[in-house]
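Trainee: Heads up, the sequence shown stops at 925 in the working numbering, and the numbers go up one at a time, no gaps.
Cβ coordinates follow ideal geometry from the N, Cα and C atoms, glycine included.
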Amino acid sequence: MLTKSLRGKDYISLMDYSKEELETILEVAMDLKRKLALGEPHEYLKNKTLGMIFANPSTRTRTSFEAAMTQLGGHAQFHTPEVMQIAHHETWIDTAKVLDRYIDGIMIRMYGIGKYGSAREILNVMAENAEIPIFNALDDKEHPCQIIADIMTMMEKLGPNWKEKKVVMSWAYSDRVKSPGVPQTMALAASILGMNLTLAYPEKYDVDPEYMAFADKAAEKSGAKIEVVHDVYEASKGADVIYAKSWGSFLMNNEEDVEYRKQFKEDWKISKKHFDIANKKAIFMHCLPADRNKEVTDEIIDGPMSVVYDEAENRLHTEKAILALSMK
Ligand code: CP
598 MLTKSLRGKD YISLMDYSKE ELETILEVAM DLKRKLALGE PHEYLKNKTL GMIFANPSTR
658 TRTSFEAAMT QLGGHAQFHT PEVMQIAHHE TWIDTAKVLD RYIDGIMIRM YGIGKYGSAR
718 EILNVMAENA EIPIFNALDD KEHPCQIIAD IMTMMEKLGP NWKEKKVVMS WAYSDRVKSP
778 GVPQTMALAA SILGMNLTLA YPEKYDVDPE YMAFADKAAE KSGAKIEVVH DVYEASKGAD
838 VIYAKSWGSF LMNNEEDVEY RKQFKEDWKI SKKHFDIANK KAIFMHCLPA DRNKEVTDEI
898 IDGPMSVVYD EAENRLHTEK AILALSMK
């Protein structure tokens with residue numbers, strides 16, 4: 598059932614989204630993907646403008662959002678804080694109030710600007726001071742644009758019983774300490790939609806407890822199965838999806854974390870050893886960019902089980918759905 602409740606709605610946290618709203622985005626994304634393949638016009642956002650503020654690097658998010666606005670008949674502007682008056686200490690409140698007068702939506706990517714949650718505070722300030730919708734393109738807590746594309750990919754690859762399939766979101770080795778946004782958002786989506794999710798990570802890599810508490814409560818309503826295990830081989834047994842993602846510990850500083858994680862370098866690099874014990878048709882997922890031969894071996898990411906480029910493509914279709922539903 599499609600819901601109209603997304604008109605004008607911010608897309609900052611999946612905690613604010615219902616099962617019906619997520620299903621609406623997914624259904625519209627499938628329809629827009631079909632329309633694009635058939636060359637059917639779908640200019641739902643003619644003459645609308647999206648402002649994109651990137652405080653951090655991006656390949657997929659920038660390109661897919663910009664292409665999304667073009668295909669929907671609108672326009673996307675690329676901004677960085679360094680070339681906005683933010684660089685001269687103009688407030689985010691004034692920035693939001695002014696942009697609100699010119700454009701129809703604002704997409705923001707911002708993380709790593711101080712303590713955990715600082716970027717989210719700025720996204721919330723923007724949302725409070727602009728009537729137009731704000732889209733979270735990865736902050737320090739969530740990556741909701743990535744996860745909705747991941748869910749679309751699972752629906753396509755796993756078939757009608759996709760919610761029952763065993764999805765393993767596995768911590769993976771990297772030299773770089775990264776945001777927990779992907780596993781945290783996956784826990785939200787899985788619990789809201791009623792999926793079967795195993796979060797696998799070594800001791801000391803627990804995600805934000807606020808996210809697990811939300812997921813446990815939402816799972817009671819949806820019937821989702823959310824498990825946590827600390828052994829990557831136990832998690833891989835019978836998996837239908839192995840999704841590799843590195844993230845940092847809340848219990849250690851950067852230097853301590855980089856040192857501590859070295860012991861997990863081999864076991865937590867997703868490889869044939871993990872796929873040998875997964876289900877025969879198991880797929881490999883990664884949000885990209887991947888740390889090749891650290892998070893995952895070339896053999897797996899380039900192998901027949903890998904769906905990473907289909908997953909990246911679905912960023913475009915799901916973002917088009919989110920933009921069209923909220924900015925119309
Ligand atoms: N997955 C993702 O968000 O990719 P980019 O960092 O390239 O945008």
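Give the DSSP-derived three-state secondary structure of Ile710 in the structure shown.
Mentor: Three-state DSSP puts Ile710 in coil, outside helix and strand.
Trainee: Using the Cα positions of Pro901 and Leu755, report the straight-line distance between them to the nearest angstrom.
Mentor: 15 Å
Trainee: Could you give the uninterrupted runs of the beta strand (DSSP E) lying entirely in the stretch 831-879, keeping only those of 3 residues or more?
Mentor: List check, beta strand (DSSP E) in window: 838-842.
Trainee: Is any non-hydrogen atom of ligand 1 found closer than 6 Å to the C-beta of Ser655, if you look at the structure I gave you?
Mentor: yes
Trainee: Using alpha carbons as the reference points, say which of Gly778, Glu640 and Phe732 lies closest to Ala662.
Mentor: The sequence shown places Phe at residue 662, not Ala. Measuring from the Cα of Phe662, the nearest candidate turns out to be Phe732.
Trainee: How about Pro642 and Ala673: do their beta carbons lie closer than 7 Å?
Mentor: The sequence shown places Leu at residue 642, rather than the Pro named in the question. No, these two residues do not count as a Cβ contact at 7 Å.
Trainee: Please list, in chain order, all residues of the same chain as Glu728 whose beta carbon is under 7 Å from its beta carbon, the five residues on each side excluded.
Mentor: Asp697
Trainee: How about the stretch 757-769 and the stretch 778-794: do they share at least three Cβ pairs that are nearer than 8 Å?
Mentor: yes
Trainee: Quick one: what does DSSP say Ser767 is sitting in, helix, strand or coil?
Mentor: strand
Trainee: Taking contact to mean 3 or more Cβ pairs, one atom from each stretch, closer than 8 Å, check whether the stretch 617-637 and the stretch 681-701 are in contact.
Mentor: no
Trainee: Report the three-state DSSP secondary structure of Lys632 (helix, strand or coil).
Mentor: helix
Trainee: Verify the contact flag: Gln743, CB atom, against every heavy atom of ligand 1, threshold strictly below 6 Å.
Mentor: yes
Trainee: Shortest alpha-carbon distance to Ser923 belongs to which of Met704, Val695 and Ala652?
Mentor: Met704
Trainee: According to DSSP, which residues form a beta bridge with Gly648?
Mentor: Gln674 and Ile703
Trainee: Any heavy atom of ligand 1 closer than 6 Å to the CB of Thr677?
Mentor: no
Trainee: From Glu618 to Lys601, what distance separates their C-alpha atoms?
Mentor: 8 Å
Trainee: Please identify the residue among Glu800, Glu831, Leu790 and Asp828 whose C-alpha is closest to the C-alpha of Ala815.
Mentor: Distances from the alpha-carbon of Ala815 to those of Glu800, Glu831, Leu790 and Asp828 put Leu790 closest.
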